Structure formats: C-alpha cells, structure tokens
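Below: the structure, in structure tokens.
Chains as they are written, first to last, in UniProt numbering: chain A, 1 to 287; chain B, 1 to 287; chain C, 1 to 287; chain D, 1 to 287; chain E, 1 to 287; chain F, 1 to 287.
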C-alpha cells in the first residue's frame, strides 16, 4: 500500500496521545526468542526501541541467548545436560555462556540499536556488580545456574540519564566473583522492580496466555494476579508459561505498573503494545 | 483508507531518521494565513507543533492576526487606511491591535496547543521587553507600525528550557513604552536569528515561489540568496513575495540554517516539511 | 521637604530589618481599583513591585480590569446584565473580557513594571493551563463566570525562579477549552495557596475593615478568622466586604501566612504594609 | 526631622535606579581610619554593607588595624620603629600583628556585620593561601612587611557565592609559611583586581584629593590616571596620598571599573557614594 | 628501616579497605594537648588531616589553645583565677583569649595544613554566627565562660563542600555580640552532632580510659554509654576524664556514629585510629 | 618484614605529595602481557587501579587479550595466519575475538576491580560507537584488522564522572556495523588523546627501552620524540618496540602529558610509576 506524505503525517499525529502518556516512563523489555533469530524481526525490534527513546521513553533491554549458547557449546564439544529444563552449568559451560552472552549476543544488539540511530551501551550483571546472584539450587546439582539476590541499579540509572539505552546480559555474580547464568525473564523482572519501571514487556514466541492453547481467539487479555492459582490448577497456565507468569507476578507485586507477555513473532510487537489502544498479548495486573 | 496497527507502526518507524536529525533543534514557525482561519487546518497545525515538542524539537511560534484585527476595528468603527500595503496605525488602532493579537489570537493558539497535549505560554513583545521596536517610517505617516530594533531572547530561552512552547504576538515596544505593530514574518526572522534557530518556517497561502505564478509545477524548491536580485529583476519575486523573501534572506544571513516558505493550506504542512525527504515549498539557503 | 543624601541613606538603612525579614518570601498582590486607574498611584505600585523584587522578594501580581471591560463592551455595543453583582458573561462578552484583560490591562501592567526597571511577564490562566475553572453557577444563568477548580503553578514557579515578575489575568479554562471570567481576588487567593506564598495583599478602595463604616479610626487591624462569622452577623462585614473576607479566609486556611486588605488609594500602600512595623489596613490571620 | 512612612517609602523608591545599576556587582571596600574607631560611624558602615548585600551587591571587606596594633604592642612592651612610614616588623611584632588583626579587629567587624543582619565570614590571607606575599624590602631592613605576590581568590568566590560577606585581614604568607604584614589598601586593590570587582572604595580620613589642601571646595571629583604624574609633580598628590593614589591606579589598570577615595568620617559614606548621582570623594578612572 | 618502593606500594594497597570504608565520611577532630605543642607531632597531625581529605573524607578540626592563652595573659599581666578548673574569664581576659585562639593558634593550624598540601580555612564561632553561646554559669562568677546553645552549621557545610578543611576556634557569641570562651571538647561534640559526623576523635594526652590508671594494659577499648555511670561510681572515670566522657556521650546520643578518645602523644594517632583494624584508645558507643 | 602500624602510617603520608599532584588527573592504562596472565600480578594491578580511583585520579583501562584468543581459536579449530605480526582476521576469527575480548577478558578485569573494592564498567568499542574503525589494510589481506578512525568519548566521560572505572576492549566498528580487531596500544593512545588524559601507561613485558638490550642498566628513562628517528636508525628502537614507541609519539603529540612504557612483570608497577619520584621504565615526552 502506498501512502501519501500527508497520510503518513496523520498517522504520526495519531500517536501523540500515546507518546504523551509514556513520556519519561521506563519500560523494561525482555528480548529473546524468534524476535532475536529472524533478521527482519530483529531489525524492527531495534527500530521500536530507538523510536521509544526518541519520543521520550526510557527503554531498558534484557536479553537471553539460548540457541547461540548451544551452538557454541557444540563447537567446543561441551555436552549439555538439562535438569527440569534448566541447563546444568559447570565451570566450562559457564565460560562459554559468558562469552556468548556478553561478548556476542549483547554486542550484536548494541550494534543493531546503534545502526538504527540509537546510542546503546551493553553490560552484564558483573559490571558495577549490577546483578548479585546466588545458586538457584543449593544442592549444587545445577552448578552455576543462579537467581537474583540483589540488583545494584545505579549503573542503569547513570546510563539512561545520560541518553543511552542499556542492554543487559543476564549474568550474575556472587561475593566470590563466581559468575552465574540466570533466566533472562527473571532478571528483567528484577530490574524492572529495581528501576521502578512503569512497564515490563516479555517478548515471547506465543500470542499470550490462551484459555484453549489451540484457539488463538481464546487469549486472556487481562490476567489479574488473584486469578493465577486458579488458572494453574485448571492447567491453563502450564509448562513454560508457569515461570513466565511467575515472573510477571513478581514484577507487578514489586511495583511495576503493568507487565505484558506479547508475541515477538509479530513485527513491531512492542510499538503495537504501546501505541495502540487495546495493546496485544496478555497483560498481568496487580488485582 | 484503513490501516492495520502494524502498518501504522511502520510509518512511525519511517519517521525515525527525521526525528533523529531534528532532535534538540529549534524551529521558529510563523503561523498565519489560511492555516489560522480554517478550523481543521488550525487543529492540524497545533498537533504538528505538539508532536515536534514531544519528539525533542523546540518549536517557537510567532503569529499574525490580520483578519481578526480588521474585524474588531470594524466593530468599534475605526476606519483603516493602508499606505503601501501597511496599515496606518494610530493610537486607537494600536489599542485594538494589541487587544486582538495579545488577548485573543495569542490565547486561542495557546489553548489550541494545550488542547492537543502541549504546554504553551503566550507572550507579546512587551513581556520582558522581548521585542524592542522603532517606527518603520520616521516621517510618522504610518503611525505605530514598527520594525525590530533588538530582541531580548532570554524569556524565550526560559520558556523552552522549562518544557513549554512559546507563542509570540508581534507587538514591539520602544523606550517610552509605546507599542508598535510589527510584521509577523520579520519578527519570526529576528527571533530565529536571536534564538540561533536551525530552521524558520513561514506558513503562507501560496505553494512557494513559482517561476510561473500560474504553474504550480514551476516551483523553485531551493532558492540561493545569491539568486534573489536576479529573480526580483525578472519579476518572479514580486508583490507580497518580496518582503517574505527579504525576511528569509535576513534570517539565513543571520545564521539560521534553513528558511522555508510553505503552503499553510496543506494539512500538516509543517510535518511534511520536516518529516519528508524532499520537503515542500521553497527553501532559502545561504549560498 | 528636602532631605540631604545622608538623611536618605538613613532611611534606606531603617528598611533593613524588613528587607531581611522578607528576603526570599513570596507575596501575591491583587492589583485593582483606584490604584489601577490613577496614573500617579499606578506608577507608585509599579515602583513598589520592582523594589520588592530587587530586595529579594518574589512579588506575584494578579489583576482585575472592571472599568476597562465595561468601557470596551460599550464601544462594541454589548449590553451587560448583572445578577447578584456578577456580570452575566455570554460568549460575546467573554471574547471582549479576554481581549481587554489579556491583551490590554495585563500588558499595560507588564509595561509599567518594565518601565520601572523590573522584568515582568504577563500571562492569563490559559497559559500552561495555569487556572482550571468550572462555572460558578451550574444553572448556567451567569454564563462563563467561573471559579477556580485547580491551579497548575509550575509556570509561575518557572517565571519567578528565572528572575521575572509574573502578571496574571484572571481568566480560567475548562477541559473543553472554554474560557471563564473569574473574580481576581479569588484567583489571587488560589495562587497564593498554590505558590505557598507568605503574604497575600489585596489592594482595595477602602481603608480596611471598619467597625463603624463612617469612622476611619474604627479600623480592625487584626481580624482572626474565628471572629469572622460574629462580624458578619453584626453587619460589620457586609456587602462587597463579604467576598473579600471570604477570600482572605480561604487563603490563610490554605496555608498563606498573612493576608491583608489595604487601601490602594494611598501612595506606596504596598511598601507601607511591608516596610513599617504596624502595617496598614486589616490583616487576617489564622486564629 | 520626622518623616511619615510614605515619605520614607518615596525615598526607598528613589534608590531603585541605583539598586538596579549595581545588582550583582562586586564592590571591594577598604575599611579603616576614623570609620573604624568611632562607634557610631562603625555601626553605620556595617549597616551600609549589609544593605548592599541585601539589595544584590557583593561587598568584600578588607580592613586595616593600626591603632589597635600599636596599643597591643605597647601592652606587651614591644618597641616599634618606623622606616619611611612603614612599621619595622620583626618576629615578635608580627606575632602581635597577626593576633590583633586576625583575632580581634577582623572578628569585631564580623560581629558588627552579623549584628546588623548580615552573615559575615572573617579570614586572613593565610586561609586557603588567599594572599601570597614577598618582603617589600629585599634588604630585610623592614622585616616582615610584605607586598602582594599573588591572590588565590577561590575562597572569596566561595564565600560570596554562598551568601556570605567576606572580611579579610591583610596578612600574607610566603612559601615557607612566614607571615607578612601588608598595607591594607594594596591588599584591597589586589583583591579587587583578582575578583574582577566593579568598584573599589577606600574609606579614608580625608574628603578626597584636594587641589588646595586647605579648601574642601577644591576637591577633584574625577581623577584620570593620565593626570596622576602631573599632580604628583605639582605636589597636589603628596604624602600619604601618594600610596593611596598608586593603589587606585593599580586597581583601575587591573580592570576594576572605578576606584573611589571617600571620607569615612561622613556617616553612611559608602551608601552616599553608591546611591547618589554625583558620588562623593575622588573617583579614579582609567583614562 | 629502609623499604623498597614496592614494599611501600604494598602498604598503600593495604589501606584500601579503610579508605573505601570512610569515603565521603565526616570526621570531627578535637585537636589539642601535646599534639599541638610538640613540633614533630604537630606536623604529623597536619599530614594525617590532609591525607584524610585527599582520600575522600571530610575532616573538620576544632582546636583548643590553653598554654598559648596563659602565656599571653602573663605577657600582658592579667592574672587568672580558676574556679572548679575553669578559667574565670572577664572582659580583659576574653579579649586576649580571642586574639590568641582566633588570630594565632587557629591560623598556625591553617598554615600547617596548607603547608602539608591541604586547603584550610580558619574561622571562629563568631563567623556566620557558627556557635551561639550562653554563660555556663548563670551566677556570673565565671564571667564569659560559655556553653553551646546552638550551632549554625551552614558555613562549615559550605567550606567542606568546596574542598576546604575547616579549622574552628571554640569562641561563641550571644545575641548581644558578647564573646564566650567554650571548652573545645564540647564545641567539637556539638559540631559533630550538627554536621551529622560519622566519627568524633578527641586527641588527648592519655592513652584512653584505663581501668587501673597506672596500668596502660588495662585500657577499656570499647565503652558503652550504659556503663558510664557505673564507671563514674567506681572512680574509674574521674577528674578530667569526666567532662571528656560526658562530651562523648553527648556526641553519640546526638547521632554521631562513634566517638574516640585517643592518645595525641602517639605519632599519626589519627591515621592509626582510622586505618587499622583495632583502632587505638577508647571508643564510646551508643549501647 | 613486619612493620608497625605507625611505620605504615608514615608510608601513607609519604604518598601525599604524589596524591596531590595527580588529584583529578586522567590516566589511561594499557593492560596486557604478563600482568594479565600471572594471578598475583593481576590482583596487584586491580588494587593499584582501585587505589588510584579512591585517591582522586580517573584511571581508564584498555586491555588486550592475545593468549586467550589464540586458546579459544584452537578450541574451535580455527587456524590463524599472521602477516607482518598481525593476525589475519576473517569473519569466523573475528567472532571468536569479540567473544573472548568482550565476554571473557573484559569481564574478568571488571570482576577483579570490583573484588578489589572499585566499581568497574566494561565496554567495547561498539558500545555507544566508542571506537570507529577502518581496515588497517585496504588490500583486504588482513581482513578485519582495524585502526582507529574516530573516538566518541562521551560514554567514557559519563562513566568516569559517575564514579566508575571504565574497562575497554579494543574492538572497533565501521559504518556498516562490521567489527574490527584493533591493537590495544593504539586504542589506548587514541582514547588518551580523546579524553585529554594527563598520562598514558603501557604495561609491557620489558623493563622499558634499553640502549643495550642485554643490559637492564642501559634503560633510557626519558625519551624525547625528537630522538626517536635517531634511535630507530641505530636499531635501538626495533622489533615490537617500534609500534609501542609510535603509539607513545601519537599520544604525546596529541596532547597527552606524558606517556610511559613500564614493566608489567614488576608488582605494583603502576603505583611505582605514579608514587615514586623517579618513576620506572621509559617516559616519552613531547620535546
């Protein structure tokens, strides 16, 4: 479809109420899944993030990096075991995880944002001790899989206040300087709470929470946290959705205004969520 | 035409390079003519201005007020004479001019901007002695028609630095506190120079400077100031275009990056000028 | 009387304790009545205000404009009706009210202050939506006579913090951008409360509140708000004094230190109130 | 003479143009002589200084202390020799000079200013190494009589920018931490230059520079520095006037706007100089 | 002992944890006794103070001046009486006290600090009315011996925030501008409280509080304020220790983190207290 | 050797003149070689850096990563060719280089500094487009080996001004977002110039520039850039020293005060250079 310049101007103007509403707001975005693999989607996410910054929001990016890690582990012939869906992370594995997340994935996102006209700065949880971690599993079975113990958010504050977009790799550190691999969703939630974010957006590979997993029309647009246990019992929140929803609950109970599970396979999903009246995906609210 | 949300998102993203280019820039807009009379156009100008502010520019509005003044002079039965196209302005006329410009037109623009989501503050050249004036005509024949002698721009700086959009009525003041009615184009040019603006945009009721006034296709897109005298001799710059072009020349020689004569009868003309590659109307440059 | 320079120096020095006491304080002045009509008084008020600014106070001016409005309505042949002492204000009347208050009276005061060496900036309640209003009379009988619903004081803060003296016309605005004519005393009181002023001074055409209206010696110098109802019952507070006193009560209960009704017909009445030990007129206090 | 409050208000207002002219200006005052000995004069100087601060000037005080030093030297039975009018200052003498200047005279002035409502801070040239000195006499005959080698003005800047009035004792220090007694006039001039003062005022015990020393009417109101040598040859600038005039010349050639020799025996001499059109005493200008 | 450069570097590095712990902290030091008399000790105190400033602490010095005062009183033949260990201070005595403390001792410390590379500014309690005092003895028997009534700490704040080290002479002032001689320990405690200091260090001529005054090994390293009365009853806290301990109690109950009585006869006693794990002397804590 | 606390205090105090001299100064440190491989040396470098920050300097770290890169390339079985001592860097190699430098080496240094009590933030030249690069070899033979085209130093400024220590991996980026591997010495020099550093320190594995490479006593302590060509001709500057010296020359001609080649195999080499009078290694100066 070919639009005249004037039709385009109209559309910019339509965005005004949303721009106004989100001016100066902080939005934490968990970036991962298909939106990170598909070249075209990737570029659109970068554009969305840069646009957010230019119209006055403070986007804060937390990324995962699963397939790249697996790929690299294969190249260096480290075998991976999974326990309860979590990668058992020994010292050798952790070394690769850090290199891939902090040296490759993180910097690719930084470059992508910069190429789209933004000014991104990539850090991991080791920088300025941003993410203090403890092992998720005290038995030691999982090795260096961690969970967030504390967020030292000043460095993120410094970055956003000076006009940059922070891009954060989900690596934590403990008091002995041991690194930990942490689930990026939970890092995003913890940072959203620490930064007093107004919104947390999880880019996923599903349309949202569906009542009937085979019927996209059955999407639950608004999920109250008081309903969560009911839905778990009913099996509607199940499998990989359980930690995602748990993550949203932590975030909204920690004071983040709204938390969204949206479909990263949709182009410009983030802008759609922010600049349209209905939003997309499933929004979790503190009720 | 009905667009999907995603198509709209694409259009927002297309604007990014322009948003980036003009981030933090100062744009003085002379607002007048049809764009001030037609309700729909008026609203669109307001939206354009507010959008500019939200995406990081500093719009500064200078307005005229011709028809409203004439209308009010008629109501109070003051007869108006024109000499060389300039309204002879005696004491009684000046009183009405001030009331209409400062009390009515200025505040309507302010309200319009505020209704579109901005925060406007309306002042005249008397406030903080913004516009110091002298009579344009030392013989006194024209009465209180003035020209700019000096701009005290600090108040405009204060207004933009605190997040407001200044709206300026073209009334000047001399050392004896006598008010003067000044041509809004020239006030806009003087303020653009004093504020070190990057752009001056004159909203007019013509498409720009035409080589053949009956052929809209003959528009001169870029006018170098070195060509001006040639075009005047050739009669291409003639009539009401002469002062407008003179005003543009003053502005670009005073250091304003670019100056534009655009067609205010076109909806969203300001956005079109800023957010499209070609721009519209005639751009005057310092070459 | 001719004073030597040294005698004058002594008098400056006598003012020191008062200068010190009011350093950095905010004083809202309702300017109207005779002090606005008489040329000589007018000039002295301007001088008083500028002096206040230079010795470290923050004067904030709110003005009325009665006679000028009536005069202009006559010229344009709009008939005025009054209900309960309030001008019935239809659309045509409101248009004239705005022009006269915002375009003429406001700017004359601005010019007067500037001529006395200050830097004034004149605004109305429409600028930056300073004064949000609702109709005073829900029946609609009075038209666009409003009362203050909310004050957005940031613009006044910006003006005083940057070294300017704000001059405010008592025009309010509602959510539909409809203008309202509001009693200037009440606007002054509301702004004094919103700006956390230390003092509100109402310039009137009476010496203050008199116990016996024919005996100027019977002036009540200090009026406790706990005494107000008693005095109303006794008929001592009556007629036009009732809204003035109501306005003072609103102000002191809203946190303004002291509120004064003083006689604007006396030259330099404001300085007398501030720089003499006894003050003049009637002071209303929160007891 | 008894003035009404209103007459007093008029006088305050008369001061406005002067207040405006000197707003934000720096005025260095050399305080000494009769104005320091007479109780009543002393109080008036303090009042003048505090008033200056409250109306927006930055007074900076440098004081001498002659008689108090002599008095104390007598009490501790140290004999004083003078060479060319300069006190020979050995180690014992210097110890007393420092105690008297820094511990007594300086703090009395500080107290006096504070009692008049100001906030004074007293320092000597040793504090923050404000005054770096060298011996005035390399032969050593005069002992620790010094002259200014360098002024480190940051501490004075800190004091005035934080709302305080600096009071400075003319003691210098060299690289070996040896103290020096320096002529207060020259310290005042050096500080005026270093602080880029607009005015230097020397309070003396003469009416100014007189053509005929017995005729007070013969005062030279304005002295151009180009005339100085002529007047010295003519014997009009002679004796104690020579160093004072030299000091003024240093000051104006160093960039201080105007330098004044005024009669400290006149009450409120400082205010008279600043707040009257003609000024008093002799003004030295850079012509 | 001769150390290699590398051994010295190691020692610097050992200090890191302490530097980190005290970074940005405020430490009030009461300077007096032997550390002020012995030349070598004096120099080391100055070095300690400057080092503290350079590694990020804010040292604030309060000094006494006993022997110098006595010496000067003798020279001017003023006889001194003591009542309960307090010097009876009449007008003549007070004059000498002020000169010696403010003009001599204070400035010697200032010079010492500056010679060691710091930037010190010396003031007394009269400057900016830092120390408001009342007579310690209402009967008048002691004359102008005072106690602290109020601390106006802004001037000390200004000094430390601008990179200077304040040096304070313990002279107070009352509303009639009368000076008072105040015990320096109590001034230090009051300033520590007013400045929300983290540490108060009293340099004394004893090793600390000893259980057995003849056995240096019997030192009480930590004294809880709950134990004070018990120790007084037992005669362990006795004589000159009573006011010192009282002073510490005032300080810690006023919010100062820790208060220390240390032995000023030990070289670098202040650094030892701060940069070693155990500290030295007796620490009084709020338990 | 066991030192008493007091001896240690003395040594701290000895450092004062150096601390003072370098207060607020910027020191760029190229970290590499043995000092990065040996665990003990590594820890000491971290301590030196943290100490520098705490005593008021601004250390800025640029690191290399040679052996780790080679090691990882071996693990993933990428063969490396060298041309003129430069690693031929194809796409696959570059991917590994980035991961190792940005994800492993950089973050290990960050962790080390943080473990020593500092607050480090690690970035690469891609972050905020810090290092813009072009291929060093236009023929393409060397692949993605780059040289610095431009430094965008704002991000480093932001990091140091907010109390953090920047750690920079020498990866550059071009306009097409292609990464380049750049020699860390040259990156350090370019950053030193862009940051207007006072000192550039290159940690190497040699004692400095030796006249006779077998005689450590023949070290050239001060090398004037005017002598460089002479020494190259004489073969004294040869081999790997040539680029190092070239790098120093670029730095000092670019405005960096002094540039040092020091021996990283010596413990606390950085502190020794800064805190001792003679310095160590070879200093290159602009003469």
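In this text, a Cβ means the ideal position worked out from N, Cα and C, and glycines have one as well.
Since the structure is predicted, the reported quantities are computational estimates derived from the model, not experimental observations.
Taking DSSP as the reference, what is the three-state secondary structure of residue i?
i, result
"residue 207 of chain F", "coil"
"residue 129 of chain D", "helix"
"residue 291 of chain D", "What is shown of chain D runs 1 to 287, which leaves residue 291 of chain D out entirely."
"residue 290 of chain D", "Outside the shown range of chain D (1 to 287) lies residue 290 of chain D, about which nothing can therefore be said."
"residue 5 of chain D", "helix"
"residue 172 of chain F", "strand"
"residue 202 of chain B", "strand"
"residue 142 of chain C", "coil"
"residue 122 of chain E", "strand"
"residue 105 of chain B", "helix"
"residue 181 of chain B", "strand"
"residue 246 of chain F", "helix"
"residue 48 of chain D", "helix"
"residue 18 of chain C", "helix"
Looking at residue i: is its Cβ nearer than 7 Å to the Cβ of residue j?
i, j, result
"residue 262 of chain B", "residue 273 of chain B", "yes"
"residue 201 of chain C", "residue 29 of chain C", "yes"
"residue 155 of chain E", "residue 130 of chain E", "yes"
"residue 51 of chain B", "residue 16 of chain A", "yes"
"residue 88 of chain C", "residue 192 of chain C", "no"
"residue 122 of chain F", "residue 167 of chain F", "yes"
"residue 44 of chain F", "residue 184 of chain F", "no"
Can you give the beta carbon distance from residue i to residue j, rounded, assuming they're within the 8 Å contact cut?
i, j, result
"residue 147 of chain E", "residue 169 of chain E", "About 16 Å; that fails the 8 Å criterion."
"residue 265 of chain A", "residue 205 of chain A", "6 Å"
"residue 49 of chain B", "residue 118 of chain B", "7 Å"
"residue 103 of chain A", "residue 98 of chain F", "5 Å"
For residue i, list the residues DSSP reports as bridge partners.
i, result
"residue 223 of chain E", "E:284"
"residue 147 of chain F", "F:134"
When you compare only the Cα positions, how much space is there between residue i and residue j?
i, j, result
"residue 173 of chain E", "residue 217 of chain D", "45 Å"
"residue 115 of chain A", "residue 246 of chain B", "41 Å"
"residue 124 of chain F", "residue 139 of chain F", "26 Å"
"residue 220 of chain C", "residue 36 of chain C", "25 Å"
"residue 47 of chain C", "residue 63 of chain C", "16 Å"
"residue 248 of chain A", "residue 223 of chain A", "10 Å"
"residue 56 of chain C", "residue 56 of chain D", "8 Å"
"residue 137 of chain C", "residue 196 of chain B", "48 Å"
"residue 85 of chain D", "residue 240 of chain D", "9 Å"
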